[in-house]
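Have a look at the structure below before the remarks.
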Amino acid sequence: MEFPEMAGMTVYYSKDGWLLMCNGHSSEMFFFNPFTRKLINLPICETSNKSAVFTSAPTSDDCLVFGLANIKNDNNLIAINTLKVGETNWKTTRFVSPEDFFTYHNRIIFSEGLFYCLGGLGTLAVFDPSRQTWDIHQLRRFSTSWFGTYLVDIEGDIFLLKVSSDYLRGYALNRNGDWTWEDKDKFDEGLTIFGDFRACKWRSGLMSNMRNKVSSPGDSNLCF
């Protein structure tokens, strides 16, 4: 099946059957449903988003789009762009990061009302859209390359995965007191985690030969 609507486009994120996409030659963003072929255009954002996610289907009343950008190519100056679908203007909030936070593809997840963003050296920043706050937590430092580093929410718990062709390391975020990454050797039985350089998803109850694995680009499948 062909999708001419996707030709030359960048896919930021997928959820509930919808793709959040961007025209690679401009800052135009839109939603596309490959099952219904429906398009929902978004207003232009003055600060071009380099990474973006959304909270729920764009047809719902509470869909919020979250975009991350750097300002004037300075990796310490961060622009947070948010848009409630249906509104005509983005809300942009600017913050200063204490270290090189911005990367080509920051990992972003939405969990329990907050956006978690993984920085270039493993710093974890949390954006609260209700309060417009940006809190930075200095955790164990990781090299967050484009491929092989994944941030995933599994039923409210947040995990960091480091994957290469021959090893898999998992860490669970402890948010009690001083935030820390704790070694995670095992995940729930039957899970399958799909990692890509823009996003990470998980599923349960797939075919037996796909369970208890992390699948990443390049046909890499590692068991946990």
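The sequence shown begins at 1 in UniProt numbering and counts up one residue at a time. Don't be surprised by glycine CBs; every beta carbon is placed ideally from N, CA and C. Keep in mind the model is a prediction, meaning the values are calculated, not measured.
Hey, is the region 43-54 in contact with the region 76-88, meaning 3+ C-beta pairs nearer than 8 Å?
-> yes
Tell me whether the beta-carbon of K184 lies closer than 7 Å to the beta-carbon of A172.
-> yes
Look at W90 and A57 and say whether their C-beta atoms are less than 7 Å apart.
-> no
Using DSSP bridges, identify the partner residues of N41.
-> F30
Nearest CA to the CA of L64: which residue from N73, G122, D74 and A52?
-> A52
Look at the Cβ atom of I78, then the Cβ atom of S48, and state whether they are nearer than 7 Å.
-> no
Close Cβ partners of S111 (< 8 Å) along its chain, the five nearest in sequence each way excluded | D153, G156 and I158
Specify, as a first and last residue, the run of the beta strand (DSSP E) that W134 falls within.
-> T133 to H137
Close-in-space but distant-in-sequence residues of the same chain around N176 (CB under 8 Å, 5 per side omitted) = none
May I have the straight-line CA-CA distance separating K38 from R107, to the nearest angstrom?
-> 27 Å
Just the C-alpha distance for A69 and T88, rounded to the nearest angstrom, thanks.
-> 19 Å
CA-to-CA distance, V126 to D178, given in whole angstroms = 14 Å
From F35, A7 and F101, residue whose alpha carbon lies closest to that of I136 = F101
Closest by C-alpha distance to G113, when choosing among L20, T10 and D62 = D62
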